[in-house]
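This report refers to the structure that appears directly beneath it.
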Amino acid sequence: MNHNCVYMGAALARYGFGAAHPFGTDRMDAFAREFKIRKLDRFWRVNPPRPTTPEALMLFHGAEYIQRLQDASRDGKGFLDDGDTPAFQGILEASLTVAGTVIHAADQLMAGECRHAFVPIAGLHHARRDSAAGFCAINDCGIVIEHLKKHHGLERIAYVDIDAHHGDGVFYAFEDDPAVIFVDFHEDGRFLYPGTGDASESGRGAAAGLKLNVPLPPRATDELFEKLWPAAERFLHRHDIQFCILQAGADSIAGDPITSMRLTPAIHARVAMSLSKLPCQRLLMLGGGGYNRDNLARAWNNMLRALSP
Ligand SMILES: [Zn+2]
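If you want this note's numbering, it's the position in the sequence shown, counting the first as 1, plus 14.
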């Protein structure tokens, strides 16, 4: 059995907003070039993207929002939100490819077909159930969590997020859901979009105490991250996790054009290695943000290298 699968292809790269936008359509190729240089196809089976249908989006999103997305995808004009997330013709199809690919990867992991899976263009963690936000037309993280609950009956899913931005679209959707064990390291919301993720936000109701938000000061380095990570590791090991999702945003690395964190690409490998040791042995990694192309290529390929035999 090949323990690792990565998803690549032109249809996945289509999710992006053109050359003038930080989230361009060239991000997947930036990753893929470095993957090829490092010859990681020796250890990672390359799968094509897998589109799904609008019904799958409704695992997480409301029908009214999907209709709006469908209309925006036809017209291709204006913004889906207040100005961060432009509509383009085909944005629905591109979103269906992201969501379908992430669902496919989760199913492969559940079937034991692979133990680690990576989808570079995915991890759109800001979209809410009824709206787009922060470059995210849909929330594939939320969709796959609902899929794992509904179609695989899972009750303890870890969602770990090391993107510089707080994963608000995931956090608030599952704030009171005890099935989602949430860990999010991000640049302090007082200094960076979306402004949320205070350490006091630790879950509500049946999920009280099941969410760990770790805001880091601007210019935070590996040293601080390393100091705080072991507590997150212990937190995860306390909860008998059945499946682990890592949103591996590379915008937390020094030199990103839109954040001011100063981690190095070594952190992504460090975190992936740590999560791969959870007893469940199912790790789904999603690219997330990252707008410096060299950074995302290094961080994501470092993760894959670290998980290679
Ligand atoms: Zn981000």
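C-beta atoms are modelled at their ideal positions from N, C-alpha and C, and glycine is treated no differently.
{"Check": "So the beta strand (DSSP E) F185 belongs to, where does it begin and stop?", "Outcome": "Premise fails: F185 lies in the alpha helix (DSSP H), D182 to A187, not in any beta strand (DSSP E)."}
{"Check": "Buried or exposed: which applies to R28, given that a residue is buried once 16 or more other Cβ atoms fall within 10 Å of its Cβ?", "Outcome": "buried"}
{"Check": "Check whether the Cβ atoms of V116 and A147 lie closer than 7 Å to each other.", "Outcome": "no"}
{"Check": "For H282, is the beta carbon positioned less than 6 Å from some heavy atom of ligand 1?", "Outcome": "no"}
{"Check": "In terms of residues, what are the limits of the beta strand (DSSP E) holding Y21?", "Outcome": "N18 to Y21"}
{"Check": "Determine the extent of the beta strand (DSSP E) in which Y173 is found, giving its start and end residues.", "Outcome": "I171 to D175"}
{"Check": "Under 7 Å between the Cβ atoms of C258 and A172?", "Outcome": "yes"}
{"Check": "List in chain order: all unbroken beta strand (DSSP E) runs of 3+ residues lying wholly within the region 57-129.", "Outcome": "59-61"}
{"Check": "I'd like to confirm the pairing. Which residues does DSSP put opposite R142 in its beta bridges?", "Outcome": "S145"}
{"Check": "Around the C-beta of T67, are 16 or more other C-beta atoms found within 10 angstroms, so that it is buried, or is it exposed?", "Outcome": "exposed"}
{"Check": "According to DSSP, is E201 part of a helix, a strand, or is it coil?", "Outcome": "strand"}
{"Check": "Anyone know if the C-beta pair for C128 and N61 falls short of 7 Å?", "Outcome": "no"}
{"Check": "Could you name the residues whose beta carbon sits closer than 6 Å to any heavy atom belonging to ligand 1, keeping them in chain order?", "Outcome": "D177, A178, H179, G263, D265 and G303"}
{"Check": "Tell me which same chain residues have a C-beta within less than 8 Å of the C-beta of A222, skipping the five on either side of it?", "Outcome": "S216"}
{"Check": "Could you round the C-beta distance between L250 and S266 to whole angstroms and report it? I think they count as a contact, below 8 Å.", "Outcome": "Not confirmed; about 19 Å, so no contact."}
{"Check": "Given 8 Å as the limit, is there contact between the region 193-208 and the region 228-235, that is, 3 or more CB pairs closer than that?", "Outcome": "yes"}
{"Check": "Under 8 Å by Cβ, that's how I've got A311 and R47 pegged, so tell me the actual separation to the nearest angstrom.", "Outcome": "7 Å"}
{"Check": "Looking at C-alpha atoms only, which residue of Y305, L298 and A24 is the closest neighbour of L162?", "Outcome": "L298"}
{"Check": "Please list the segments of the beta strand (DSSP E) lying wholly inside the region 259-319, counting only runs of 3 or more residues, in order along the chain.", "Outcome": "297-300"}
{"Check": "Looking at the structure shown, is F45 part of a helix, part of a strand, or coil, going by DSSP?", "Outcome": "helix"}
{"Check": "Just the C-alpha distance for A131 and G30, rounded to the nearest angstrom, thanks.", "Outcome": "21 Å"}
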